[in-house]
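Trainee: Offset between the sequence shown (1-based) and the working numbering: plus 1287. Using N, Cα and C, we set each Cβ at its ideal position, and we do this for glycine too.
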Amino acid sequence: MIHVIVFFNLHTGKRDAFLEELGQVAPLVHAEQGCIEYGPTVDVDTGNDLVGPPRRDRVTLLEKWENLDALKAHSDAQHMHEYRAKVKSLIESAEFHVTESV
């Protein structure tokens, strides 16, 4: 299984707009061959000083794919190209981590 974790650092005040666009594309992604999980998460205030305060302008996307071919097909899907164009101006930076189960 392939796991993808993406940290999106968004421009100030753009989280809701980003989540709205992500919500529009998510059903198309869920319908893709090999998609096991695809969903956004946001920071939560744990009250633990070791964790730090929640970051209002960060979204973490969690994905699971059956295999690397499914992830590659997802990356090349037309709806993903359209989605990326829509959210490009909302994103300050993104950090991608791709791992596999052992």
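Assess contact between the stretch 1323-1337 and the stretch 1345-1359, defined as three or more Cβ pairs (one per stretch) separated by less than 8 Å. Is contact present?
Mentor: Counting C-beta pairs with one atom in each stretch, the stretch 1323-1337 and the stretch 1345-1359 have three or more that are closer than 8 Å, which means they touch.
Trainee: Based on the DSSP output, what are the partners of ARG1345 in its beta bridges?
Mentor: Here residue 1345 is taken as the residue at index 58 of the sequence shown, counted from 1. For ARG1345, which the question treats as bridged, DSSP gives the partners ASN1296.
Trainee: Locate the beta strand (DSSP E) running through GLY1326, then write down its first and last residues.
Mentor: For the purposes of this step, residue 1326 is taken as the residue at position 39 of the sequence shown. It spans 1322-1329 - the beta strand (DSSP E) in which GLY1326 sits, taken as one unbroken run.
Trainee: Would you kindly check if the distance between the Cβ of ALA1357 and the Cβ of ASN1296 is under 9 Å?
Mentor: Residue mapping note: residue 1296 aligns to position 9 of the sequence shown, counting from 1. Residue mapping note: residue 1357 aligns to position 70 of the sequence shown, counting from 1. Not a contact, by the Cβ cut-off of 9 Å.
Trainee: Of all Cβ atoms in chain C, is any one closer than 9 Å to the Cβ of MET1367?
Mentor: Included in the structure is just one protein chain, with no chain C present.
Trainee: Does the distance from the CB of ALA1364 to the CB of LEU1315 come in under 9 Å?
Mentor: For the purposes of this step, residue 1364 is identified with residue 77 of the sequence shown, where counting begins at 1. For the purposes of this step, residue 1315 is identified with residue 28 of the sequence shown, where counting begins at 1. Cβ atoms of ALA1364 and LEU1315: closer than 9 Å.
Trainee: On the CB-based measure, 16 or more other CB atoms within 10 Å of its CB, does PHE1305 come out buried or exposed?
Mentor: Indexing the sequence shown from 1 puts residue 1305 at position 18. Classification of PHE1305: buried, given that the 10 Å Cβ count is 16 or more.
Trainee: Just to check my reading of the structure: ARG1345 and PHE1383 have Cβ atoms closer than 8 Å, yes? What is that Cβ distance to the nearest angstrom?
Mentor: One-based indexing of the sequence shown puts residue 1345 at position 58. One-based indexing of the sequence shown puts residue 1383 at position 96. Not really, about 14 Å apart at Cβ, beyond 8 Å.
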